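S.K.: There's a structure below that I have some questions on.
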Amino acid sequence: MRITDAKVIVTSPGRNFVTLKITTSDGVTGIGDATLNGRELSVASYLRDHVCPLLIGRDPARIEDTWQYLYRGAYWRRGPVTMTAIAAVDTALWDIKGKVAGLPVYQLLGGRSRAGVTVYGHANGETIPEVLDEVARYVDLGYRAVRVQCGIPGLDATYGVSRDKMFYEPADANLPSEATWSTERYLRVVPELFAAVRDRFGYDLRILHDIHHRLTPIEAGGLGSRLEEYAPFWLEDPVPAELQDGFRLIRQHTTAPIAVGEVFNSIWDCEQLIREQLIDFIRATVVHAGGITHLRRIFDLAALHHVRTGSHGATDLSPACMSAALHLDIAVPNFGIQEYMRHTEATDEVFPHGYRFADGYLHPSEEPGLGVDIDEKLAARYPYEPAYLPVNRLTDGSMHNW
Ligand code: CS2
Ligand code: MG
Numbered sequence: 001m002r003i004t005d006a007k008v009i010v011t012s013p014g015r016n017f018v019t020l021k022i023t024t025s026d027g028v029t030g031i032g033d034a035t036l037n038g039r040e041l042s043v044a045s046y047l048r049d050h051v052c053p054l055l056i057g058r059d060p061a062r063i064e065d066t067w068q069y070l071y072r073g074a075y076w077r078r079g080p081v082t083m084t085a086i087a088a089v090d091t092a093l094w095d096i097k098g099k100v101a102g103l104p105v106y107q108l109l110g111g112r113s114r115a116g117v118t119v120y121g122h123a124n125g126e127t128i129p130e131v132l133d134e135v136a137r138y139v140d141l142g143y144r145a146v147r148v149q150c151g152i153p154g155l156d157a158t159y160g161v162s163r164d165k166m167f168y169e170p171a172d173a174n175l176p177s178e179a180t181w182s183t184e185r186y187l188r189v190v191p192e193l194f195a196a197v198r199d200r201f202g203y204d205l206r207i208l209h210d211i212h213h214r215l216t217p218i219e220a221g222g223l224g225s226r227l228e229e230y231a232p233f234w235l236e237d238p239v240p241a242e243l244q245d246g247f248r249l250i251r252q253h254t255t256a257p258i259a260v261g262e263v264f265n266s267i268w269d270c271e272q273l274i275r276e277q278l279i280d281f282i283r284a285t286v287v288h289a290g291g292i293t294h295l296r297r298i299f300d301l302a303a304l305h306h307v308r309t310g311s312h313g314a315t316d317l318s319p320a321c322m323s324a325a326l327h328l329d330i331a332v333p334n335f336g337i338q339e340y341m342r343h344t345e346a347t348d349e350v351f352p353h354g355y356r357f358a359d360g361y362l363h364p365s366e367e368p369g370l371g372v373d374i375d376e377k378l379a380a381r382y383p384y385e386p387a388y389l390p391v392n393r394l395t396d397g398s399m400h401n402w
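Note that full-length UniProt numbering has the sequence shown beginning at 1, numbered continuously upward.
Shown next, in the form of structure tokens:
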């Protein structure tokens, strides 16, 4: 069997998605997510112009060899565009392997290690009472874990808070919108938010929070120590993670569990964080971290160092990524939790999939392969629309991390 076609599909059913579809000489097809939010067309071009031509005629069964060929063979290693493109190929090849074997991919990864994949939802609101109502909505839906994000008085907009609630979408403009940030104001609100959530929902619910790269290590350590009494399940991306030594400083000041890695694209981005046990959860995911093959490698390194998984699962990761993530989540020994931001109906229609939510768990599809497809006709009805993530400035106008 040989690869006879590799096609890049760009579609925007409410938001942009890039998908790679590989077809074999036996007519088996596989798909992989290649979406890099705000930089979608760069991956589409990398695939179309530089990767698809190399795939034609290759044996689709040779997943590891193809991964190494694309990684080592590019000469220029790593980076989000390259690794997202490699991920798309890798994911599509796993999909094909599963279909050829007649097995869901998780069976090829060693089989089930648990009954279901515990997921968390993203409860948000302008005010604390609004967030509490959203948490209640998730609890009613059966969620066992909820991430809480609240507006900051005096700031127009902040990460994680939106009008659309259930379908939080940060890429909101055709040129980046500008938000204002104040660490002082933020640090006043978060402990109040945690206190209010614990007061209303008690301690059985797992509570998470995303700091979205906004603090310095010492600020993060201080916040973590103030939140310890509310037993956070994790604090996410407390600081930008280029400086991995900075996490030692956070560790010296708090036992609040730390989750990092949604912007990581290779094992080398988290090797020190994992080896020195500076984090508790690794948030890398299939689409941005080199596919199932490479993410499995990251998860195995993490398992050796008491680090659990907590993969990114925002709306900008397509159902093709979510499907693949769930096959890994159900199989690996050190699974922690999976983010699950629901997609809109339009997105779900373009990507018919077999995973389902029940009782706070997501369950991977039992169909052979990954159990996800793309409806190409429908996809063609939604042309690409430029959309960017916001940028952030301090109150004096200096650029800050968004
Ligand atoms: C986020 C994302 O879900 C998360 O944890 O941090 O919303 C992130 O901002 C987007 O995926 C960026 O594309
Ligand atoms: Mg995040």
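Just so it is clear, CB atoms sit at the ideal spot from N, CA and C, and this is done for glycine as well. Please read these numbers as outputs of a predicted model, since none were measured by experiment.
Hey, which unbroken runs of the alpha helix (DSSP H) at 4 residues or more fall wholly within the segment 206-251?
M.R.: Listed in chain order, they are 217-227.
S.K.: Any idea what DSSP makes of M341, helix, strand or coil?
M.R.: Correct three-state label for M341: coil.
S.K.: Please report the distance separating the alpha-carbon of H363 from that of T309.
M.R.: In a straight line, the C-alpha of H363 is about 17 Å away from that of T309.
S.K.: By how many angstroms is the C-alpha of I207 removed from the C-alpha of I330?
M.R.: Using only the alpha carbons, I get a separation of about 22 Å.
S.K.: What is the rounded straight-line gap between the Cα of V89 and the Cα of S225?
M.R.: Near 43 Å, if we compare the C-alpha coordinates of S225 and V89.
S.K.: Rounded to a whole number of angstroms, what is the C-alpha to C-alpha distance between Q277 and L326?
M.R.: Using only the alpha carbons, I get a separation of about 25 Å.
S.K.: Nearest to E130 by CA position, among H306, R144, Q149 and D140, is which residue?
M.R.: For E130, the nearest C-alpha among the options comes from Q149.
S.K.: How would you label S266, buried or exposed, when you count the other beta carbons within 10 angstroms and need 16 or more for buried?
M.R.: So S266 counts as buried.
S.K.: State the CB to CB distance for the pair R2 and T24, rounded to an integer number of angstroms; the pair is presumed to be in contact (CB under 8 Å).
M.R.: Sure, about 7 Å apart at Cβ, within 8 Å.
S.K.: For a test of your reading of the model: does the CB of H343 fall under 7 Å from any non-hydrogen atom of ligand 1? Yes or no.
M.R.: The answer is no for H343.
S.K.: Between the beta-carbon of H353 and the beta-carbon of S323, is there less than 8 Å?
M.R.: In contact: H353 and S323 (Cβ atoms closer than 8 Å).
S.K.: For ligand 2, list every residue whose C-beta falls under 6 Å from any of its heavy atoms, going in chain order.
M.R.: Those satisfying the condition are, in chain order, D210, H212, E236, D237 and E262.
S.K.: From this set, L187, I86 and V350, which residue's C-alpha is nearest G221's C-alpha?
M.R.: Minimum Cα distance to G221 is reached at L187.
S.K.: With which residues is R147 paired in a DSSP beta bridge?
M.R.: Note: R147 sits in a beta bridge opposite H122 and L208.
S.K.: So, using beta-carbon positions, are A123 and E134 closer together than 8 Å?
M.R.: Yes.
S.K.: R62: which of V81, A157 and T91 sits nearest, CA to CA?
M.R.: Measuring from the Cα of R62, the nearest candidate turns out to be T91.
S.K.: Is the closest heavy atom of ligand 1 to the C-beta of D316 under 7 Å?
M.R.: Yes, since a heavy atom of ligand 1 falls inside the 7 Å radius drawn around the Cβ of D316.
S.K.: DSSP state of L20, grouped into three classes?
M.R.: The answer is strand: DSSP assigns L20 an E or B state.
S.K.: Check G102 in the structure and name its three-state DSSP category.
M.R.: Coil, per DSSP.
S.K.: P232 to Y168, Cα distance in whole Å?
M.R.: Looking at the two C-alpha atoms, the distance is approximately 22 Å.
S.K.: Tell me whether H401 counts as near ligand 1, meaning its Cβ is closer than 7 Å to at least one heavy atom of that ligand.
M.R.: Correcting the residue type first, residue 401 is Asn in the shown sequence and not His. No, the Cβ of N401 stays beyond 7 Å of every heavy atom of ligand 1.
S.K.: Here's the rule: buried if 16 or more other CB atoms are within 10 angstroms of the residue's CB, otherwise exposed. What is H294?
M.R.: It is buried - the Cβ of H294 has at least 16 other Cβ atoms within 10 Å.
S.K.: Identify which residue in T158, L223 and S365 has its Cα closest to the Cα of P104.
M.R.: Checking every option, the nearest Cα to that of P104 belongs to S365.
S.K.: Quick check: what's the CA-CA separation for P238 versus V263?
M.R.: Roughly 13 Å between the two C-alpha positions.
S.K.: One question on the structure: do A256 and C270 come within less than 8 Å of each other, judged by their Cβ atoms?
M.R.: Not a contact, by the Cβ cut-off of 8 Å.
S.K.: Determine the DSSP secondary structure at F264, reduced to helix, strand or coil.
M.R.: Three-state DSSP puts F264 in coil, outside helix and strand.
S.K.: Let me know the beta strand (DSSP E) ranges lying completely inside the segment 342-376, each 3 residues or longer, listed in chain order.
M.R.: Complete beta strand (DSSP E) runs here, min 3: 356-358 and 361-363.
S.K.: Measuring CB to CB, does G14 end up less than 8 Å from A87?
M.R.: Not closer than 8 Å, so no.
S.K.: Find out if the Cβ-Cβ distance for the pair E345, D375 is shorter than 8 Å.
M.R.: For E345 and D375, no; Cβs fall outside 8 Å.
S.K.: Count the other CB atoms, across all protein chains shown, that sit within 10 Å of the CB of L328; report buried if there are 16 or more and exposed otherwise.
M.R.: Buried, since its Cβ has 16 or more Cβ neighbours within 10 Å.
S.K.: Kindly indicate which residue of A44, L93, S42 and R275 has the alpha-carbon position closest to the one of W67.
M.R.: Measuring from the Cα of W67, the nearest candidate turns out to be L93.
S.K.: Use the C-beta contact count for R214: other C-beta atoms within 10 angstroms, 16 or more gives buried, fewer gives exposed.
M.R.: R214 is buried by the Cβ-count criterion.
S.K.: Quick check on DSSP: helix, strand or coil for A302?
M.R.: Helix.
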